[in-house]
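Enquirer:
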Amino acid sequence: MSPLIKIDSLTVGYDKVPVLHNVNLEIYDNDFLGVIGPNGGGKTTLLKAILGLLRPMQGKITFRSDIQKRNVPFGYLPQVKHMDRNFPITVFEVVRSGYLMKKNGVLSNSGIKQKVDTLIHEMGIFNIRNKAIGDLSGGQMQRVFLCRALISDPFALILDEPDTFVDNRFEGELYERLKELNNRMAIILVSHDIGTISSYVKSIACVNGELYYHPDNIITQEQLNSYNCPIKLITHGEIPHTVLKRHQ
Amino acid sequence: MNDILILFSYDFFQKAFLAAVFASISCGIIGTYIVSRRIVFVSGGITHASFGGIGLAFYLGFNPLLGAVAFAVMSALGIQFFTKVGRVREDSSIAIWWSLGMAVGIIFVFITPGYTPNLMSYLFGNILTVSKSELWWMFILITGIILFFAFYYRMILYVAFDEEFARAAGLPVSLFNYLIIILIALTVVLNIRVVGIILILSLLTIPQATANIFTKDFRKLLFLSSFFAFFGSISGLLISYYLDIPSGAAIIFTLVIIFGLVKLYKHFF
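And the structure:
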């Protein structure tokens, strides 16, 4: 099986200043990759490189041949905090924008409309279809942008910190949904919240200037050390949690 | 009422009325884009920079609007170039072009021999002196704007809302941005005669603010802004006629008063 995405000794950054060095990574069809690491470590940079928003300084990213044919091969859920909430746009239009100029299997206008309506119905936001995004709660907003990412039937879903500004109830719901979506597509999930992410993802990439790949989902002390500062995980009782041994 | 009918029989008033209609449509549409995208300040920079072209045209003796178009487009592209390529902070590069254009304009007007009679009408506008050829240009502009927005409505909306997402989806975002900025420059320049360089920002922002009280849907904003711009400029025009005050200022005042009344009404009812 050839990988969906193959990253080969990639160096990438902004304005000629590299943020990520020499990254090697392969993503396969049913991967669920959690990307963790400190702020400024290059998590978002990695996503942007995959999405083609940043050009590699060195190395390359290659996509499997069936992906290359698609205009919108990835569903992308950016950090919602970067969105202009006052922009005059309705929920329907935001979701529809995910269908931008898809090359293969272009639907008619009414076809797209139906597709959007079916998806937002599934996601439980059909009732806010004509609302402006400025009038939504954090959880609704997240669902809208998830719909936008999914409307193009992507090969892979790329999520940048979907857990910020979302209430706990929707967070759990989101991860359950991702688990289900993972049967159909690869998922790359960037998160601060290593505790939550660990139980859902199949593999973990630690990003801090470089990328360390862990083919399983167990968080080790070394991974936490890449934060470069002492961190504690704080939880309330009654949830199952694993405490890993300190490495000698 | 009879007075108004008589007014409409005057040639100058018919032209002024058409100018108000055309200005309302172009400013209503382009202004909605500007306000939604939060680039009001860029538009202010382009407007004021165009004064440089007007001054140069006075000095060399060609049509001031041509000079204004050249300077407006140049500053629009210049602002983008300074920001994206030159790594100058956007607000600073806007201010640089803004003041450079004004400075060039002042110098050329100063060294132009004799008195420059029309200068005030460029700075503060005079809808009653809009010429037939200017009306034709305004008509061509609104036709262009309407066609562009009708055919590319969704792309305009999507690029404006989330440029990065559109880029990731392979839309020609940069080309789009340049096209729109040129449309903004043309809109600003061709409407200078209506309300003037100093006041044009009002037609691009106040009707939009009023419309925004009623709707947060981009498409409805386009129509409603044009409507409020039209209503305000016609009322302003009549007020300026009856009170014998400058038309540009009267139009702005009317636009603001409409905004205030609507806002108050919505607040209390």
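Protein chains in written order, with our numbering: chain A, 691 to 938; chain B, 7 to 275.
For glycine and all other residues, C-beta sits at the position ideal for the given N, C-alpha and C.
#1: So if DSSP puts Ala822 (chain A) in a beta bridge, which residue, or which two residues, is it bridged to?
#2: Out of B:Val41, B:Leu177 and B:Leu181, state which residue places its alpha-carbon closest to the alpha-carbon of Pro778 (chain A).
#3: Any contact between the stretch 701-710 of chain A and the stretch 732-750 of chain A? By contact I mean 3 or more CB pairs, one from each, below 8 Å.
#4: First and last residue of the beta strand (DSSP E) that includes Thr221 (chain B)?
#5: Which residues of chain A have a Cβ atom closer than 9 Å to the Cβ of Ser42 (chain B), listed in chain order?
#6: Give the straight-line distance between the Cα atoms of Tyr766 (chain A) and Ala26 (chain B), rounded to the nearest whole angstrom.
#7: Quick one: using the 10 Å Cβ neighbour count with 16 as the cut-off for buried, is Tyr16 (chain B) buried or exposed?
#8: Among A:Gly814, A:Asn799, A:Ser842 and A:Leu840, which has the Cα closest to the Cα of Gln830 (chain A)?
#9: Tell me whether Thr752 (chain A) sits in a helix, a strand or coil according to DSSP, three-state version.
#10: Going along chain A in order, which residues have a C-beta closer than 7 Å to the C-beta of Glu169 (chain B)?
#11: In terms of residue numbering, what span does the alpha helix (DSSP H) encompassing Pro70 (chain B) cover?
#12: Taking the DSSP output, what are the residues bridged to Ala876 (chain A)?
#13: Tell me whether the beta-carbon of Phe236 (chain B) lies closer than 7 Å to the beta-carbon of Ser30 (chain B).
#14: Between Lys222 (chain B) and Ser56 (chain B), what straight-line distance do the alpha-carbon atoms span, to the nearest angstrom?
#15: Just how far apart, CA to CA, sit Gly266 (chain B) and Ser239 (chain B)?
#16: How would you list, in chain order, the residues of chain A whose beta-carbon sits under 9 Å from the beta-carbon of Phe182 (chain B)?
#17: Checking contacts by CB at 7 Å: is Arg766 (chain A) closer than that to chain B?
#18: List the residues of chain A whose Cβ lies closer than 7 Å to the Cβ of Tyr164 (chain B), in chain order.
#19: Taking 7 Å as the threshold (beta carbon to beta carbon), is Val707 (chain A) in contact with chain B?
#20: Would Thr735 (chain A) pass as a contact of Val709 (chain A) if the rule is Cβ separation under 7 Å?
#21: Please report the straight-line C-alpha distance between Leu715 (chain A) and Pro693 (chain A), rounded to a whole angstrom.
#22: Less than 7 Å between C-beta atoms, sequence neighbours within five positions excluded: which residues of the same chain meet that for Arg838 (chain A)?
#23: Decide if Glu870 (chain A) is buried, meaning its Cβ has at least 16 other Cβ atoms within 10 Å, or exposed.
#24: Could you tell me which whole alpha helix (DSSP H) segments of length 4 or greater appear in the stretch 182-216 of chain B?
#25: Is the stretch 99-114 of chain B touching the stretch 170-184 of chain B, taking contact as three or more C-beta pairs under 8 Å?
Expert: Quick look at the numbers:
#1: Its beta-bridge partners are A:Thr780.
#2: Out of B:Val41, B:Leu177 and B:Leu181, B:Val41 has the C-alpha closest to the C-alpha of Pro778 (chain A).
#3: Contact holds: three or more Cβ-Cβ distances are below 8 Å.
#4: Here Thr221 (chain B) belongs to no beta strand (DSSP E), and DSSP marks it neither H nor E.
#5: What Ser42 (chain B) touches in chain A: Asp774, Asn776, Phe777, Pro778 and Ile779.
#6: Roughly 44 Å separates the two Cα atoms.
#7: The residue in question, Tyr16 (chain B), is exposed, as its Cβ has fewer than 16 Cβ neighbours within 10 Å.
#8: Measuring from the Cα of Gln830 (chain A), the nearest candidate turns out to be A:Gly814.
#9: Thr752 (chain A) carries a strand assignment under DSSP once its states are collapsed to helix, strand and coil.
#10: In chain order: nothing, as chain A lies at least about 10 Å away.
#11: Pro70 (chain B): member of the alpha helix (DSSP H) spanning Pro70 to Lys90, first to last residue.
#12: DSSP, once it has assigned bridges, lists A:Ala846 as partnering Ala876 (chain A).
#13: Yes, Cβ-Cβ distance for Phe236 (chain B) and Ser30 (chain B) is below 7 Å.
#14: Each residue's Cα considered, the two are about 32 Å apart.
#15: Cα to Cα, Gly266 (chain B) sits roughly 16 Å from Ser239 (chain B).
#16: For Phe182 (chain B), there are no C-beta contacts with chain A under 9 Å, since the nearest C-beta of that chain is about 12 Å from it.
#17: A small correction: the amino acid at residue 766 (chain A) is Tyr; Arg does not occupy that position in the sequence shown. Closer than 7 Å: yes.
#18: Within chain A, Ser787 and Leu790 have C-beta atoms less than 7 Å from the C-beta of Tyr164 (chain B), given in sequence order.
#19: By this cut-off, Val707 (chain A) is not an interface position.
#20: Contact flag set, yes.
#21: As the crow flies, the alpha-carbon of Leu715 (chain A) is around 10 Å from that of Pro693 (chain A).
#22: So the qualifying residues of the chain are Val784, Val785, Ser787 and Gly788.
#23: Counting Cβ neighbours within 10 Å, Glu870 (chain A) comes out exposed, since fewer than 16 surround it.
#24: Entirely contained in the stretch 182-216 of chain B, the alpha helix (DSSP H) runs reaching 4 residues are, in chain order, 198-201.
#25: Proximity of the stretch 99-114 of chain B to the stretch 170-184 of chain B falls short of the contact definition, fewer than three beta-carbon pairs being nearer than 8 Å.
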